[in-house]
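Visitor: Throughout the sequence shown, residue numbering follows the numbering used here, covering 89 to 282 in sequence.
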Amino acid sequence: MTYITQSQISRLKKASGTGAKTRGIFANGLAETVIELNDILSKITIDKRMDVINAGMPAAINVYKSLIPISKKEHKISTFAKGVGKSGGNADYRYIVKPGNLQRSIKGLSQLLKKYKWNSGAIGPHYLAQPIGSTLNSEQKYDGFYAHMVYGSAKAWRQKIVLKAKNMSASVVYPKMVAEAKEVVKMYPKKFWE
């Protein structure tokens, strides 16, 4: 892929003022188009770019959730991981996990977690530690800590869920992102976009 440099844009700006021919192309058409595109891209903030990416998030999350297996019965998790301990409660179990908990834990991580701040569009199981003895049974009470154990490894989870979700969601996510991108561009002057 080739990119146009800032010095090339500067030369195009100079050439567009003269109306001269450059390599057989009228500079006052091509140059002005490239210059305008450069100006628009420099004005579109990171927030606006995030808006474009996030436009497809709900559709992608729905596809991701549709691939998550749902247990037919509740499970009791009695493992107390290192560093977690049993402090703060006398429950026999760490959690009682109701069917659908893992599906409910699938969230837009880039909106929830600081470490995903610049990884826009990140989707996956949200690890949200709950108090000892909690029942994981709602959109607010969930914990996706065991997602990568479902198929035996993180690699298997990626192959069976993540990659499938990515491929299946493309046809619905991209059109939503394109539509949002068009709305963003409409906010800026467009001499050559009509």
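Even for Gly, the Cβ is constructed at its ideal location relative to N, Cα and C.
If we count the other Cβ atoms within 10 Å of its Cβ and call it buried at 16 or more, is L224 buried or exposed?
Guide: In the sequence shown, counting from the first residue as 1, residue 224 sits at position 136. With 16 or more Cβ atoms within 10 Å of its Cβ, L224 is classed as buried.
Visitor: Short of 8 Å in beta carbon distance, which residues of its chain neighbour A147, apart from the five on each side in sequence? Order them along the chain.
Guide: Position 59 of the sequence shown, counted from the first residue, corresponds to residue 147. So the list reads S257, V260, V261, K264, once near-sequence residues are dropped.
Visitor: By the three-class DSSP mapping on this structure, what secondary structure does T90 have?
Guide: For the purposes of this step, residue 90 is taken as the residue at position 2 of the sequence shown. Model confidence at T90 stands at a pLDDT of 45, short of 50, so the residue's coordinates are unreliable; what they give is reported in the following sentence. It is coil, neither helix nor strand.
Visitor: DSSP has S222 in a bridge; who is on the other side?
Guide: The sequence position of residue 222 within the sequence shown is 134, counting from 1. DSSP lists Y183 as partners of S222.
Visitor: Helix, strand or coil: which one does DSSP assign to K170?
Guide: Indexing the sequence shown from 1 puts residue 170 at position 82. Because the pLDDT at K170 is just 49, under 50, the model does not fix this residue reliably, and the value given afterwards should be weighed accordingly. The answer is coil: DSSP assigns K170 none of H, G, I, E or B.
Visitor: The beta strand (DSSP E) spanning P213 covers which residue range?
Guide: In the sequence shown, residue 213 corresponds to position 125, counting from 1. Taken as a continuous stretch (DSSP letters only), the beta strand (DSSP E) holding P213 covers 211-213.
Visitor: Counting Cβ pairs, one atom from each stretch, are 3 or more of them under 8 Å apart for the region 130-142 and the region 228-237?
Guide: Judged by Cβ distances under 8 Å, the region 130-142 makes no contact with the region 228-237, as fewer than three pairs qualify.
Visitor: Between which two residues does the beta strand (DSSP E) carrying I158 extend?
Guide: For this step, residue 158 is matched to residue 70 along the sequence shown. It is not in any beta strand (DSSP E) - I158 carries neither H nor E in the DSSP assignment.
Visitor: What residue range does the alpha helix (DSSP H) around I141 cover?
Guide: As a working mapping, residue 141 is identified with position 53 in the sequence shown. I141 -> alpha helix (DSSP H) spans 134-142.
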